[in-house]
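Shown next, in structure tokens, is the structure this report addresses.
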Amino acid sequence: MPIDQNDIIIHSWSELCETLYDNSWQDDIGRFRSNYAFRGVSDKSYRMANSFMRNCGNNEQLEYHLLRNFRKYAQLKDNGHSHSDWNWLTIAQHHGLPTRLMDWTYSPFVAMHFATDKTDKFDKDGVIWHVDYVKVNKMLPPTLLTVLKAAGAHVFTLQMLETAVPDIKQFDNLVPEDMVLFFEPPSIADRIINQFAFFSIMSGPVSVLDDWLVKHPEVYRRVIIPAKLKWEIRDKLDQANITERMLFPGLDGLAQWLARQYQPISQ
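Letter by letter, the sequence shown follows residues 794 to 1060 of my numbering.
Here it is in structure tokens:
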């Protein structure tokens, strides 16, 4: 896949920090406010295939049945939002159902965490994808772009999506080719808040995001983290309190953090 021209190989912790915050200055507001969505991955060779495709392959018809049965069997308290496809997709993603959504964060340090959280991958180069979500959302068709502009926003909310395209099938049929959209989920759990999380979605459950990105090289870069730097980055993130204990509040996150904290480096 021809993506090397967009790869940046870093050589130190300080270079990593500088690279991820590059181009964050906004002249119009006089502040540092990055337009990038970040996604950390433990192995740079992993494709950007969503969890639905990894679970169900190219059988896109299974998406309907997964969501239908999730809705049927889920016993959820009212979260203050509608029962739209968008809301159900968000809830399903949060609870681990394979969906077409992909997790991103506004935080470079959270992305660093997910690039270095798996010690069994410390022999592999990691990667942090960063995508200019403002540029990506500007490529959307008028039906969606009008709603975004009316709100004076750069990223969608659930309510905005429900106004523009109430169901996923309508979203898929807006344009004949693949398109990508970024949106913020409601704060239904501390995990979403602490991870500074938001989602991307493509107009098709079996579309692969890096195939789309290669066609639009102006909107993304990949920051490559060499395997030999992972322990240093991991230790410095732990000292900065960027850990499972904070990003996955509860006993499960605490246990994951402690397991790595006391794992000898020889392991």
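Note that CB positions come from ideal geometry on N, CA and C, so glycine has one too.
Only a predicted model underlies this, so the values are computations on that prediction, with no experimental measurement involved.
Sequence-distant residues of its chain with Cβ nearer than 6 angstroms to residue i (five each side left out)
i, result
"Pro-1057", "none"
"Asn-1037", "According to the sequence displayed, residue 1037 carries Glu and not Asn. So the list reads Gly-1046, Gln-1049, Trp-1050, once near-sequence residues are dropped."
"Ser-980", "Ile-986"
Reduced DSSP secondary structure (H/G/I, E/B, other) of residue i
i, result
"Ala-842", "coil"
"Gln-854", "coil"
"Asp-800", "strand"
"Phe-1061", "Nothing can be reported for residue 1061: it is not among the residues displayed for the chain, which extend from 794 to 1060."
"Tyr-1055", "coil"
"Gly-1065", "Residue 1065 lies beyond the range of the chain shown here (794 to 1060); nothing can be said about it."
"Ile-822", "coil"
"Met-953", "helix"
"His-923", "strand"
"Met-794", "The predicted model places Met-794 with a pLDDT of 44, which falls under 50 and marks its position as unreliable; any figure quoted below should be read in that light. Three-state DSSP puts Met-794 in coil, outside helix and strand."
"Ile-1026", "helix"
"Ile-1018", "strand"
"Gly-1046", "helix"
CB of residue i within 8 angstroms of CB of residue j, strictly
i, j, result
"Thr-912", "Arg-1053", "yes"
"Asp-925", "Val-834", "no"
"Ala-885", "Phe-863", "yes"
"Arg-1015", "Trp-881", "no"
N-terminal and C-terminal residue of the alpha helix (DSSP H) that residue i is part of
i, result
"His-887", "878 to 887"
"Val-927", "926 to 931"
"Val-973", "Run containing Val-973: none in the alpha helix (DSSP H); it sits in the beta strand (DSSP E), 973 to 976."
"Asn-987", "983 to 987"
"Leu-1002", "1002 to 1007"
Candidates the options, of which the one nearest residue i by Cα
i, options, result
"Ser-993", "Trp-818, Gln-854, Asn-799, Thr-892", "Thr-892"
"Ala-830", "Arg-824, Phe-989, Asn-848", "Phe-989"
"Phe-774", "Val-968, Gln-952, Pro-969", "The chain is shown only over 794 to 1060; residue 774 falls outside these bounds and no answer can be derived."
"Leu-859", "Ile-801, Gly-889, Pro-935", "Gly-889"
"Glu-1064", "Arg-840, Ile-801, Gly-1043, Asp-910", "Here the chain covers residues 794 to 1060 and nothing more, so residue 1064 does not appear."
"Met-995", "Ala-1033, Ser-807, His-887, Met-932", "Met-932"
"Leu-1002", "Gln-798, Arg-840, Asp-800, Ser-807", "Arg-840"
"Ser-1000", "Arg-824, Gly-1043, Arg-847, Ile-802", "Arg-847"
"Leu-937", "Ser-877, Pro-1042, Phe-964", "Phe-964"
"Phe-991", "Trp-818, His-804, Phe-949, Phe-825", "Phe-949"
Residues near residue i in its chain [Cβ-Cβ closer than 8 angstroms; skip 5 each side]
i, result
"Thr-956", "Val-940"
Own chain residues within Cβ distance below 7 angstroms of residue i, not counting five before or after
i, result
"Asp-916", "Ala-1020"
"Val-927", "Asn-828, His-947"
Segment limits, beta strand (DSSP E) that includes residue i
i, result
"Tyr-814", "Looking at the DSSP string, Tyr-814 is not in any beta strand (DSSP E), and its letter there is neither H nor E."
"Val-948", "Here Val-948 belongs to no beta strand (DSSP E), and DSSP marks it neither H nor E."
"Phe-964", "Unbroken run through Phe-964 is the alpha helix (DSSP H), 961 to 965; no beta strand (DSSP E)."
"Thr-898", "895 to 898"
"Met-995", "990 to 995"
Min CB distance residue i to chain C below 8 angstroms
i, result
"Glu-1037", "You won't find chain C in this structure, because it holds only one protein chain."
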